[in-house]
Structures are given as C-alpha cells and as structure tokens.
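Trainee: Here it is: the structure, laid out below.
There are 2 protein chains.
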Amino acid sequence: METLRIYFNTFLKLNDSEWKDFESCLTKVNITNKEQILRQGEHCNFIAFIHEGSFRFYYDKEGEEKITAFNFKGDFVSNYRSFLTGKPSDHFIEAMQDAIIYKINLQELNSLYDKHKNIERLGRLIAENLYLMVASRLDSFMFQTPEERYKALLERNSRLLKEVPQYMIASYLGIKPETLSRIRARK
Amino acid sequence: METLRIYFNTFLKLNDSEWKDFESCLTKVNITNKEQILRQGEHCNFIAFIHEGSFRFYYDKEGEEKITAFNFKGDFVSNYRSFLTGKPSDHFIEAMQDAIIYKINLQELNSLYDKHKNIERLGRLIAENLYLMVASRLDSFMFQTPEERYKALLERNSRLLKEVPQYMIASYLGIKPETLSRIRARK
DNA sequence: AAAAGTCGTTGACCAAAGTCAATAAATGAT
DNA sequence: ATCATTTATTGACTTTGGTCAACGACTTTT
Numbered sequence: 025m026e027t028l029r030i031y032f033n034t035f036l037k038l039n040d041s042e043w044k045d046f047e048s049c050l051t052k053v054n055i056t057n058k059e060q061i062l063r064q065g066e067h068c069n070f071i072a073f074i075h076e077g078s079f080r081f082y083y084d085k086e087g088e089e090k091i092t093a094f095n096f097k098g099d100f101v102s103n104y105r106s107f108l109t110g111k112p113s114d115h116f117i118e119a120m121q122d123a124i125i126y127k128i129n130l131q132e133l134n135s136l137y138d139k140h141k142n143i144e145r146l147g148r149l150i151a152e153n154l155y156l157m158v159a160s161r162l163d164s165f166m167f168q169t170p171e172e173r174y175k176a177l178l179e180r181n182s183r184l185l186k187e188v189p190q191y192m193i194a195s196y197l198g199i200k201p202e203t204l205s206r207i208r209a210r211k
Numbered sequence: 025m026e027t028l029r030i031y032f033n034t035f036l037k038l039n040d041s042e043w044k045d046f047e048s049c050l051t052k053v054n055i056t057n058k059e060q061i062l063r064q065g066e067h068c069n070f071i072a073f074i075h076e077g078s079f080r081f082y083y084d085k086e087g088e089e090k091i092t093a094f095n096f097k098g099d100f101v102s103n104y105r106s107f108l109t110g111k112p113s114d115h116f117i118e119a120m121q122d123a124i125i126y127k128i129n130l131q132e133l134n135s136l137y138d139k140h141k142n143i144e145r146l147g148r149l150i151a152e153n154l155y156l157m158v159a160s161r162l163d164s165f166m167f168q169t170p171e172e173r174y175k176a177l178l179e180r181n182s183r184l185l186k187e188v189p190q191y192m193i194a195s196y197l198g199i200k201p202e203t204l205s206r207i208r209a210r211k
C-alpha cells in the first residue's frame, strides 16, 4: 500500500517499523459496484483507504437519499462518527464503482496507537484534518446560498460534477434536483 | 486549575508529572466584558479554558454578525481552525461577561505533545471530540428546519436561551431575529 | 426496433424565510 | 423617575427554494 504511505507522509513520516506494523493491520477487500460496505444500524468498526473506485456516504431520510459525502481513490472512507462513538451508523456507504479498499479495524488501530507514539500522532493529525473538513462544509451551509455552494464545488472539484449524476450532486448540496437544474440554467 | 484536570479526566487521566507540565504552560488572563480576545485577521495561537465567564465566536459578514458558537465556563475557547492551520482568523472572539481564562499557546502545546505520549493522546481525543461536535452542528443545518433547530437547542440548552439575547440565538441558528420571533410565536 | 426506465429540464403554483417599516417592550443612563 | 437606546414583535410584501406534473433525451432491456 505504497500510496497510503505516501498519503501519510503529507502528515507525518512513519519509519519502517511503524509502517510495517501499520501495514500488517490492513485487510484488502474487493468491492463490487453498488455494494454497501456499511449499512444503517451497524456499528462502523473500520476505516478504509480507497485504492480504486469511489463511494457515496448517505443517509436515508424518509425514503429520500441525503448524500453527505463522496469518497474517491486516495481518500479514507468510514463513518468516523460511528467509528469514534461506537454508536450505530445512521448512514449507508455504497460503492459507485467496483472498488478495492484496505481496511483497518478499531481494535487494531487502538493497539497501534498504544504501541507507537508516532502513529498516535498521525491519528491526531488526521482527526484534526477531518475537523477542518467538516468545519469548512459547515461554513458552506451556514454562510453560502445553494448557488454559491454549487459554484464553489465547480471551482474546487469540477471532475466530481462530470463523474456523478446531477441528482446526487443536488443532494450533496442540500437542494432538490429541480433547483440545481435551475441554478445551472441561470448561468 | 483543578476544574480543567477534572474535565480532562473525562477523556483520559493524566498522571501528576504530566499534569504538572501541562499546568505550568497555562497563563491566567482576566478579561473584561466585551473585550475581544481574538480579532479577524489575527492568527489564533492559543487554546483557552474558560474558568469564569462566557464568549461568543462570530464572523463579520458585510457588517452583519454571524455567530458560530457560544462558549461558557468549563469549555475551551479558540479558533481551532486558525490554531491548526496557522492561517488568520476570519472570526472574532468576544467576551459576553467579565471572564477568567487559562491560555496555552501552540508552541508550548506542541512541546507537551512531544514530551508526553499521554498528552499527545489527549490531543487526539479532544480533536476527535471537536470533530463530533461540528459534525453534529453540520447535521442540524443539513437535515433540520430552523424550527427544529430551535427546538433542539431549547431541549439541549435552555439555559443558553435565557442568558443570551434572542437576536444572537437567531444568528447562531442561521436565521433572522424576525423569523425566530415568529417561530416562537407559532408555539 | 420497440418498450420501459432513468435523468434532467421546464412550468405553474406553494411555503418558508427574508426585507422593510412601524411599534411595543425592556434595559440602561442620567 | 424620565429619557434614550436596544431588543423583540408584528404586518405587508418579496424572494428563494420546494412540490407536482409534464415532457424530452438518453439508456437499458427484451
């Protein structure tokens, strides 16, 4: 999992022994398109690194899918809240393509935290980074109109808009497909 | 700062030597009502524990105050984003009463992280906890109407509603004071 | 190739929150 | 206690996004 190690390097460089221990906790899993790797009601006891493929993280509100996140190659995918709290997930995680992921589970991660101060630190840096990501999404909901949110997304990740159907983008932006269609028409 | 140590215990117990080192990094500061402990444009290089008093954390959007958080006795107060990224703060932090806080700065906290694995862990646990808090606020903006948000707040923190003027509550809920007034009138 | 489904667009209408203005109530200052 | 200021409420109207329905462009299935 060289790509994961490279990703970690953006936070902190693990030495060979730390990395070796980390790597030995990873389980490779092949996932087929539309397979759910986490269901509502289950405890999410893993964090997975996406080697290939993509996922959507969504919540079922009275039969309507509310998409909270998309995850792509090179991202982590997990219900971090359920993972941290031990509570059942209110979200589903579903593959949008065939995928290959590397999972690590809670117990193993906790042993790694115990064993290596550097991995403990990596855990902190990643938690801090996840904080920054939700915080910025929260800002977009508090301070921006749907139109601004859409334009910012376009700016930041125009690839997403090409790869994911528009009704999912609308859901992710917190609006109805009709509204997104009208925003795009406004030019 | 016994109250802070007790608060830490809800995450992790520090032994006497760890705590002694931690405590020696704290600086007590007296704050007067309406004093700003952080201004827009400044880098937030501290995290402070509130021993007495309360603060509001707000953003100035075209002359309009957008309140993002309230912090009370027993909470931390900081612009955690600016603290973590080193970027200038886009928020102000202002005292709502005379206050006493205990500050720790970034450099000192980093040395504590280096020196004590347990404090490193405490840092992770607190980062994880802050993640959970923003994530749940994000949920309230994505999935709830302003009325539901108000009722949930009432449920969760009715004291807040008594201590803070209503127009600030409205701002915190992401709505106009008139709208909050109407929501309350709906009964 | 035809039929069935899915997705995006458009129109007419509705509901909820925002805006602006007037007024009432509460708070603070002298 | 009175006056001035700030805060909260209410009304009329506007704006924005949601709802429901129709339709057209593509896909997928058979």
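So the sequence lines, in the order shown, correspond to chains A and B.
Just so you know, we're using my numbering here: the first sequence kicks off at 25 and counts up by one.
Just so you know, we're using my numbering here: the second sequence kicks off at 25 and counts up by one.
Cβ atoms here follow ideal geometry from the backbone N, Cα and C, with glycine treated the same way.
#1: Within 10 Å of its beta-carbon, does B:N57 have 16 or more other beta-carbons around it, so buried, or fewer, so exposed?
#2: Over the uninterrupted alpha helix (DSSP H) stretch that includes B:F165, give me the two end residues.
#3: Tell me where the beta strand (DSSP E) around A:Q60 begins and ends.
#4: Report the option in B:I128, B:L178, B:S195, B:Y196 whose CA atom is closest to the CA atom of B:F46.
#5: Take B:F81 and list the residues in its own chain whose beta-carbon comes closer than 6 angstroms to its own, dropping the five residues that flank it on each side.
#6: Look at the Cβ atom of A:C68, then the Cβ atom of A:S41, and state whether they are nearer than 9 angstroms.
#7: Name the DSSP bridge partner or partners of A:Y83?
#8: Using a Cβ-Cβ cut-off of 7 angstroms (strictly less than) and excluding sequence neighbours within five positions of A:E12, which residues of its own chain qualify?
#9: Note down, in chain order, each residue of its chain lying with its Cβ closer than 7 angstroms to the Cβ of B:N142, except the 5 sequence neighbours on either side.
#10: Pull up the distance between the alpha-carbon of A:E171 and that of A:L197, whole angstroms please.
#11: Check the DSSP bridge columns for B:Y126 and list the partner residues they point to.
#12: Just to check my reading of the structure: A:I74 and A:N95 have Cβ atoms closer than 8 angstroms, yes? What is that Cβ distance to the nearest angstrom?
#13: For a contact meaning CB atoms closer than 8 angstroms, what does B:T109 contact in chain A?
#14: If we ignore side chains and look at the alpha-carbon of each, how far apart do B:H140 and B:N134 end up?
#15: Give me the chain B residues within the contact set of A:M120, using Cβ-Cβ distance strictly less than 9 angstroms, ordered along the chain.
#16: Counting only beta-carbon separations shorter than 9 angstroms, does B:E144 have a partner in chain A?
#17: If we count the other Cβ atoms within 10 Å of its Cβ and call it buried at 16 or more, is B:I30 buried or exposed?
#18: In this structure, how does DSSP classify B:N134 when only helix, strand and coil are distinguished?
#19: Could you give the DSSP three-state label for A:F35: helix, strand or coil?
#20: Counting only beta-carbon atoms, is A:M192 nearer than 9 angstroms to chain B?
#21: As a quick exercise: from A:C49, A:L108, A:Y155, pick the residue whose alpha carbon is nearest that of A:L136.
#22: Looking at chain A, which residues of the region 69 to 92 of chain B have a Cβ within less than 9 angstroms of any of its Cβ atoms?
#23: Distance, Cα to Cα, A:I61 vs A:F100?
Mentor: By the coordinates alone:
#1: With fewer than 16 neighbouring CB atoms inside 10 Å of its own CB, B:N57 falls in the exposed class.
#2: First-last of the alpha helix (DSSP H) with B:F165: 141 to 167.
#3: Run containing A:Q60: 60 to 62, per the beta strand (DSSP E) assignment.
#4: Closest option to B:F46, Cα to Cα, is B:I128.
#5: Closer than 6 angstroms at Cβ, skipping near neighbours: T92, A93, H115, I117.
#6: Pairing A:C68 with A:S41 gives a Cβ-Cβ distance that is not under 9 angstroms.
#7: Answer by DSSP bridge pairing, in chain order: A:K90, A:H115.
#8: Coverage of chain A is limited to positions 25 through 211, which leaves residue 12 of chain A absent and any answer about it impossible.
#9: Taken in chain order, the residues that qualify are L36, L38, E42.
#10: Near 9 angstroms, if we compare the C-alpha coordinates of A:L197 and A:E171.
#11: Per DSSP, B:K52, B:F73.
#12: With a beta-carbon spacing of about 6 angstroms, A:I74 and A:N95 fall inside the 8 angstroms limit used to define contacts.
#13: Within chain A, the residues near B:T109 are L156.
#14: When only Cα atoms are considered, B:H140 and B:N134 end up about 10 angstroms apart.
#15: Those do not exist, as A:M120 stays about 20 angstroms from chain B at its closest Cβ, beyond 9 angstroms.
#16: Yes, because at least one Cβ of chain A sits closer than 9 angstroms to the Cβ of B:E144.
#17: By the 10 Å Cβ count, B:I30 comes out exposed.
#18: Assigned with DSSP and collapsed to three states, B:N134 falls in helix.
#19: Looking at A:F35 - three-state DSSP - the assignment turns out to be coil, as it is neither helix nor strand.
#20: By this cut-off, A:M192 is not an interface position.
#21: With distances taken between Cα atoms, A:L136 lies closest to A:C49.
#22: Cβ contacts with chain A: Y83, K85, K90, T92.
#23: Rounded to the nearest angstrom, the two C-alpha atoms are 13 angstroms apart.
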